[in-house]
Structures are given as C-alpha cells and as structure tokens.
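Colleague: As they're listed, the protein sequences go chains A and B.
First residue of the first sequence? That's 1 in our numbering, and the numbers climb one at a time after it.
First residue of the second sequence? That's 1 in our numbering, and the numbers climb one at a time after it.
All C-beta atoms in this analysis are idealised placements derived from N, C-alpha and C, irrespective of residue type, glycine included.
Remember, predicted model here, so these are calculated numbers, not experimental data.
Below: one structure in structure tokens.
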Amino acid sequence: MNTHATESDGECLTLESKLSEIARVPPWIEKLSARHGIPSPIQFAMDLCLEEILSNIIRHGYAGEPNHALMIHHRINREGSFTLVVEDQAPQFNPLLVSDPPVPQSLEEISRGGHGIKLLKQFADAIEYERMSNGNRITITFIAHGSTQAGRRTTTT
Amino acid sequence: MQISTEELEGGVTRVILDGRLDIVGAQAIDLKMNVIAGTKKLVLIDMQKVSFIGSMGLRTLVIPAQAIKGRGGKLVLFGPNEMVESVLKSSAIHTLIPIYHEFQSAVAALQ
C-alpha cells in the first residue's frame, strides 16, 4: 500500500458507491498511463479489472447503498510492473472464492452474468485479497510482457 | 456509446456500435438492443468502433443473441479489435456467437 499517495497527486482515486461513479475510472487510468508510460494492453486490463471489481463491490459488498467510499491507489513496483490497490469498508467479500461460470455448450447455456470475476482473474497477472479490520483490500498487479493473457496468479491472505 | 442500424440485402440488419461497451455504455443501448432482438432475425453486430467491453457489455450481446436464436434467427459479431476480442474469448462466448473479421464472411454466415 502506498501510504504516500494522495488524491491531489493523481495516484489515488476515491469513489462513492454508485455505479455511475465508475465512469470516473477510465479518464483516471488514461492520465496514469500518460504519466507512467503504461502500455495500452495494460491500460485496457486495468480498465477492465477495475470496472469488474468496483461494480462487484458496489452491487454486492455495499448492496447498492450509496454514500460509502471505495479507494483506488496506483503503485509502480519496478519497471514494467504496475499495481492497483482497491479498498472498501464493505462486509467481507473475497472475489477469488467466486466460482467461474460453467463453460457453455450451447448459446442457451451462456450465463448472462458471472463473467466479471472470471475476467478479473484472467486479465490481472496477480491478485491478492486481504481481509482488513473494517473492510477489504484487493491488490491487482499487471506486468508488461507483450500479452495480457499469461501468468495469472491469485493469493488470499 | 452510439448505436445505429442499417438494413442490408438478404434481410440482414447491421448494428453499428461506437464507443465503450462498459456499464454506462451497456445501459445506454440495452433498450435498443432489446428492440432489435425482438424484431430482427439476421443480425450483424459491427464492433469495429467498440474500444472497450466488460462483463455488462457481454450481457448486452448475449441476451439478444439468445432471443434471436430462440426466434429461429442468428447473430454474428464483426470486426472487434484485439483487446475486445480477447474479452470475448476469455468468456468463451466466441465459441457460440461467431466472430468474423471479413465483412463478406460475416454476411455470408447469416445467409
């Protein structure tokens, strides 16, 4: 967790627990990408993972209640590696424990929902979940290696 | 998110999407997609100008595809960019809703 990051330096973003707030994420990622030279596949993966995890927290963690906070912090670990840390004060929810939807055998069997966490797991290079005293912390790391489809790893602590 | 339609020969409806198929984008076009799903039988979704898709965007494609198939029709996807296609493939949707990168092949698949 980068405790030095602040909203004013652009490395943090605080959202209210409303789905409409997620629209603030893509322009924030664009600014981060321009500032830190984040490659476009990583930018896409960050955008996707944040949309999925934030919408999950808002709909399930906070049960659609507004006026709660979600904090996102950006951290550079080393060259070509980028981390986003998402914190909330919602009841305990570990997205890594959610089962993937079954592989469909026909068009009728395609699940209309449940793809979000699967996409999160597939487009992040590493995901770590931590239960905090008053909420949840999810740390998502992306590594620039020419593909967003390799080297997935998940951890729960 | 913008949506427009164009009627092609052979009863094919081309649905042109333009923008981000995220939560906001999906909500913006869901009603029009539902109307298309309830009235058209051969549908080509032109995704060349879709820059992003998330799970809610997938839902916006899957529900009409299921409805159209239920009425004896077919829906295909045309021209997603590399990243959008990787999302479609990650969710295995591409195995049941075909993706084409040549326009004539997409149209031919509907006829």
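Within 8 Å (strictly less), CB to CB, does residue 151 (chain A) reach chain B?
Modeller: On the first sequence, position 151 is the one that residue 151 (chain A) refers to. With a pLDDT of 46 at residue 151 (chain A), under the threshold of 50, the modelled position of this residue cannot be trusted; read the value that follows with caution. No, its Cβ sits nowhere closer than 8 Å to a Cβ of chain B.
Colleague: Does residue 19 (chain B) have its Cβ less than 8 Å from a Cβ in chain A?
Modeller: Looking up residue 19 (chain B) in the second sequence gives position 19. Not closer than 8 Å to any Cβ of chain A, the Cβ of residue 19 (chain B) fails to qualify, so no.
Colleague: Compare the Cα-Cα distances from residue 119 (chain A) to each of A:35, A:21 and A:46 and report the closest residue.
Modeller: Walking along the first sequence from the start, residue 119 (chain A) turns up at place 119. Ranking A:35, A:21 and A:46 by Cα distance to residue 119 (chain A) puts A:46 first.
Colleague: Kindly give me the distance between the Cβ atoms of residue 94 (chain A) and residue 129 (chain A), rounded to whole angstroms, as I take these residues to be in contact under 8 Å.
Modeller: Taking the first residue of the first sequence as position 1, residue 94 (chain A) is located at position 94. Taking the first residue of the first sequence as position 1, residue 129 (chain A) is located at position 129. So it is a contact: roughly 5 Å between Cβ atoms.
Colleague: Could you run through the segment 46-57 of chain B and flag, in chain order, every residue whose CB is less than 7 Å away from some CB of chain A?
Modeller: Residues 52, 54 and 55.
Colleague: When you compare the CB of residue 23 (chain B) with every CB in chain A, is at least one pair closer than 8 Å?
Modeller: By one-based count along the second sequence, residue 23 (chain B) stands at place 23. Answer yes: the Cβ-Cβ gap between residue 23 (chain B) and chain A drops below 8 Å somewhere.
Colleague: Look at the alpha carbon of residue 57 (chain B) and the alpha carbon of residue 70 (chain B), and state the distance between them as a whole number of angstroms.
Modeller: Locating residue 57 (chain B) in the second sequence gives position 57, where the first residue counts as 1. Locating residue 70 (chain B) in the second sequence gives position 70, where the first residue counts as 1. The alpha-carbon atoms of residue 57 (chain B) and residue 70 (chain B) are separated by roughly 21 Å.
Colleague: Return the CA-CA distance between residue 92 (chain B) and residue 100 (chain B), expressed in angstroms with no decimal places.
Modeller: What you label residue 92 (chain B) is simply residue 92 of the second sequence in a count that begins at 1. What you label residue 100 (chain B) is simply residue 100 of the second sequence in a count that begins at 1. Computed Cα separation, rounded: 15 Å.
Colleague: In chain A, what lies closer than 7 Å to residue 69 (chain B) by C-beta?
Modeller: Position 69 of the second sequence, counting from 1, holds the residue named residue 69 (chain B). Simply 107.
Colleague: Determine the burial state of residue 34 (chain A): buried for a count of at least 16 other Cβ atoms within 10 Å of its Cβ, exposed for fewer.
Modeller: Reading the first sequence from its first residue, position 34 is the one you call residue 34 (chain A). By the 10 Å Cβ count, residue 34 (chain A) comes out exposed.
Colleague: Is there a Cβ from chain B that is less than 8 Å from the Cβ of residue 144 (chain A)?
Modeller: Residue mapping note: residue 144 (chain A) aligns to position 144 of the first sequence, counting from 1. Cβ-Cβ to chain B under 8 Å: no for residue 144 (chain A).
Colleague: Between A:48, A:138, A:28 and A:60, which has its C-alpha nearest residue 203 (chain A)'s C-alpha?
Modeller: Since the first and last residues shown for chain A are 1 and 157, residue 203 (chain A) lies out of range.
Colleague: Starting from residue 22 (chain A), find everything on chain B with Cβ-Cβ shorter than 8 Å and list it in chain order.
Modeller: Mapped onto the first sequence, residue 22 (chain A) falls at position 22. Simply 22, 23 and 24.
Colleague: Residues bridged to residue 141 (chain A) by DSSP?
Modeller: The residue labelled residue 141 (chain A) in the question sits at position 141 within the first sequence. DSSP lists A:83 and A:126 as partners of residue 141 (chain A).
Colleague: Expressed to the nearest angstrom, what Euclidean distance is found between the alpha-carbon atoms of residue 99 (chain A) and residue 9 (chain B)?
Modeller: Here residue 99 (chain A) corresponds to residue number 99 of the first sequence, with the count starting at 1. Here residue 9 (chain B) corresponds to residue number 9 of the second sequence, with the count starting at 1. Rounded to the nearest angstrom, the two C-alpha atoms are 44 Å apart.
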